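Asker: Residue numbers (this note's numbering): 227 to 308.
A virtual CB, placed ideally from N, CA and C, is assigned to each residue, including glycine.
Remember, it's a predicted structure, so these values are computed and weren't measured experimentally.
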Amino acid sequence: MKIFAAGFLMMAAAGLAPLRAQTNSIAPEWDIGKTFAAIAADADRIAPYLDQIQPQQWLAKGAPDAYIAQWKQCQIQKQGSG
């Protein structure tokens, strides 16, 4: 009886696996469009703050060079999206 129950559970799990796999699929195009629109709106909202950042001043106070590289990358990406 235990073997039958274990076999039944394994068959049930195998039968439900395709249903579970569907929940992890790629979102439909219309959902992705909403996500990209939200990301773009957030980027537009923070762009003025990015323009006010002065990482060169931080470097003069002992901050790592990586902050300037990151800031430059943000500026490049901002120009590419605008």
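Alpha carbon to alpha carbon, how far is tyrosine 293 from proline 281? Give it in angstroms, no decimals.
Answerer: As a working note, residue 281 is residue 55 in the sequence shown. As a working note, residue 293 is residue 67 in the sequence shown. Cα-Cα distance, rounded: 6 Å.
Asker: What is the DSSP secondary structure of proline 281, counted as helix, strand or coil?
Answerer: To locate residue 281, count along the sequence shown from 1; it is residue 55. Residue state, collapsed to three classes: helix.
Asker: Alanine 273 and lysine 304 - do their beta-carbons sit closer together than 8 Å?
Answerer: For the purposes of this step, residue 304 is taken as the residue at position 78 of the sequence shown. For the purposes of this step, residue 273 is taken as the residue at position 47 of the sequence shown. Contact: yes.
Asker: Rank Tyr275, Trp256, Ala286, Lys287 by C-alpha distance to the C-alpha of glutamine 301 and give the top, closest one.
Answerer: Along the sequence shown, read from residue 1 onward, the residue named residue 301 stands at position 75. Minimum Cα distance to glutamine 301 is reached at Tyr275.
Asker: By the three-class DSSP mapping on this structure, what secondary structure does glycine 288 have?
Answerer: Along the sequence shown, read from residue 1 onward, the residue named residue 288 stands at position 62. Coil.
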